[in-house]
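Counting in our numbering, the sequence shown runs from 351 upward without gaps.
Before any comments, here is the structure.
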Amino acid sequence: MNLELPIAGMTCASCAMRIEKKLNKIDGVSATVNYATEKARVTYPDTMAPQDLVAAVEQAGYTARLPERPTAGTDAGTAGRDGPVEDDGGGTLRRRLLISGLLTVPVVALAMVPAWQFTYWQWFSLTLALPVVAYGGWPFHQAAWSNLRHGAATMDSLISMGTLAALGWSVYALVFGTAGVPGMVHRFDLTIRHVDGLGNIYLEAAAGVTTFILAGRYFESRAKRRAGAALRALLELGVKDVAVLHNGREQRVPVAQLQVGDTFVVRPGEKIATDGVVTDGASAIDASMLTGESVPVEVGPGDTVVGATVNAGGRLVVRASRVGADTQLAQMAKLVTEAQNGKAQVQRLADRVSGIFVPVVITLAVATLVFWVGTGGGVAAGFTAAVAVLIIACPCALGLATPTALLVGTGRGAQLGILIKGPEVLESTRRVDTVVLDKTGTVTTGRMTLVDVVVAGTERGEALRLAGSVEDGSEHPIARAIADAARREPGELEAITDFANSDGLGVAASISTGQRVVVGRPRLLADEGLELPDELARARAAAEGRGHTVVLAGWDAKVRAVFSVADSVKPTSAEAVAELKALGLRPLLLTGDNETT
């Protein structure tokens, strides 16, 4: 059995290692905990209850909950959204950072600039530093105490010990030493001085370290939220409600209530609610948001359709075949989530190092203090060196850089339409020597544009104006390309009446002069009895040979124009291919077109 377990309370990579070790000690359990995504991927035997895994996490001093079990009607837009148990959202953390930052600036400034040190300045600094260490550093102290009760030490232990030691020593020196006397001057030195510790205070270190670590935590939290936004944007492609057919009547219901076998209606311009099979109607489906294909796919009864794609043509009746977490969109989101939750080899190494890093640092700090005192360096110098070891050795970058890079990389990839199967795949890209590029939507824009117009028996502008007027009533991407091109020409579009849409073939309408204009596939114009001149037949064949999509327009018993519509190359494609070659990579183009196109 496999399970993704959202976890809260982790503050560093050492926490993830503790939970991972705790879970892996259970017989038959294999677990991987990712600090960046705050999730554990657990494989456990069928005989074990999932609640036992939650209990094991709680025994380690953290909180967890079982993910919501997807039902048959779970919305694809919400499937896989289980997050950490407690989502601070950055609000509390930001408030702590702002308050701590405002109070820390004068404390550090007074300590570093003797000219600003007025009478009793040290007591003023203590007044400012106390709330920084107590309120701003409360999450660190709370986590350190929790870890201590469970016999463990993490990065929070280092931060808490360092800041409390610096604050405690400063209070002792102010109350019982000479640091609290009026007019005391605190000189800023870059070296450790052999002086009596009762005259030194370290309030700037206590407040400064707390604030800087809070800033790091805040930016870390923001980076994780932004990476998660890419996945949420992918999930948001799904629809929220759907028109279900019950006994021949339409009823709009939330998509979460949709069941396999239900029949629903998709009107032109609407997104398809879920994966299914067309039972009635014919239309063109725009799947560019999922596949990058710019040319809509014509579908009819018996054809399969995918949820979140757009109906660009006529009315469709679809029978749901997959819903909720089983849809293609949900599976794509799951693939991104699994990639973010996995661990690359370099991340596993970083986790192992950070797991033993904290106790080693604490040992080094104690040894440093003993060394300085034992060699006659003085308690003040020894204390300064020991605190420095504690507060500068926090393995933030060690435990955070790799998982955050993987999280942001896979999330940004999904946002750009690149699905990365896992961290191992991302890590292995350093050995890539060939890059295969899909043409449509990758090298090209994925949007249809009018590239050529050939006319017979009329003017180009007239043909474009009439065809654009009729196509303006359609939502089909090819129709939009012709209508948009017509709008860029001088003159207004014609008002139309008696608009008719032939599913999968084209459109027709009457203009103010009474002429009936037909625009669409050659079959539609042939059915309407419009004759195709030899000149336009040759133009049609030439355009199709270039890989263009051909649309004919005609009126008054004859075909009057051949419109060539095609996907256009992105302005940045040539530069991107050149950069790939400069990196020593061999770019290849994957396309169903012929060599000439």
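We put the CB at the ideal spot given by N, CA and C, even for glycine.
- Secondary structure note for S633: it is in no alpha helix (DSSP H), and the uninterrupted beta strand (DSSP E) holding it is S633 to D636.
- Here A557 is not near V673, since their CB atoms are 8 Å or more apart.
- The DSSP-derived three-state label of M798 is strand.
- Checking the DSSP bridge columns, you'll see N597 has no partner listed.
- Look at F614 here: in three-state DSSP terms it is strand.
- The Cβ neighbour count for L452, taken over all protein chains shown within 10 Å, is under 16; the residue is labelled exposed.
- In terms of Cα proximity to T397, the closest of I376, R445, L498 and V627 is I376.
- Within the stretch 504-566, the complete alpha helix (DSSP H) segments at least 4 residues long are 505-526, listed from N- to C-terminus.
- Boundaries around K931 are those of the alpha helix (DSSP H), S923 to A932, since no beta strand (DSSP E) includes it.
- Secondary-structure assignment with DSSP links I706 through no beta bridge to anything.
- Secondary structure of F733 (DSSP, three-state): helix.
- Counting the other Cβ atoms within 10 Å of the Cβ of R572 gives fewer than 16, which makes it exposed.
- Under the rule that a run must span 3 or more residues, the beta strand (DSSP E) segments found entirely inside the stretch 867-930 read 899-905 and 908-919.
- Under the three-state reduction of DSSP output, E648 falls in the strand class.
- DSSP, reduced to helix, strand and coil, places S862 outside both helices and strands of the structure shown, so it counts as coil.
- Between L874 and the set S860, L855 and L886, the nearest pair of CA atoms involves L855.
- About 7 Å separates the beta carbon of R602 from that of V592, a gap short enough to meet the 8 Å contact definition.
- V392 places its beta carbon less than 8 Å from that of L373.
- Here DSSP, grouped into helix, strand and coil, assigns S778 to helix.
- CA-CA distance, R810 to D676, rounds to 50 Å.
- Within the same chain, and ignoring the five residues on either side of R866 in sequence, the residues whose Cβ sits closer than 7 Å to its Cβ are A858, S860 and W905.
- In the DSSP assignment, L939 forms a beta bridge with L787.
- Counted as a single uninterrupted DSSP element, the alpha helix (DSSP H) harbouring R837 occupies residues P827 to R837.
- Residue range W471 to P481 is occupied by the alpha helix (DSSP H) that includes P481.
- Within the same chain, and ignoring the five residues on either side of A715 in sequence, the residues whose Cβ sits closer than 7 Å to its Cβ are A736, V739 and L740.
- The Cβ atoms of D853 and A632 lie closer than 8 Å to each other.
- Distances from the alpha-carbon of G441 to those of L564, S819, Y385 and L816 put L564 closest.
- DSSP places R602 within a strand segment (E or B) once states are collapsed to three.
- By the criterion of at least three beta-carbon pairs nearer than 8 Å, the stretch 841-853 is not in contact with the stretch 655-662.
- Contact check for D788 and R936: beta-carbon distance about 16 Å, past the 8 Å limit, so the pair fails to qualify.
- Our two residues, L880 and T799, have alpha carbons roughly 25 Å apart in a direct line.
- A straight line joining the alpha-carbon of E812 with that of R837 spans about 12 Å.
- By the beta-carbon neighbour count (other beta carbons within 10 angstroms, threshold 16), R446 is buried.
- Under DSSP, the beta-bridge partners assigned to N352 are T393.
- The DSSP-derived three-state label of V628 is strand.
- Looking from the CA of V407, the closest CA among S450, V455, G934 and P356 belongs to P356.
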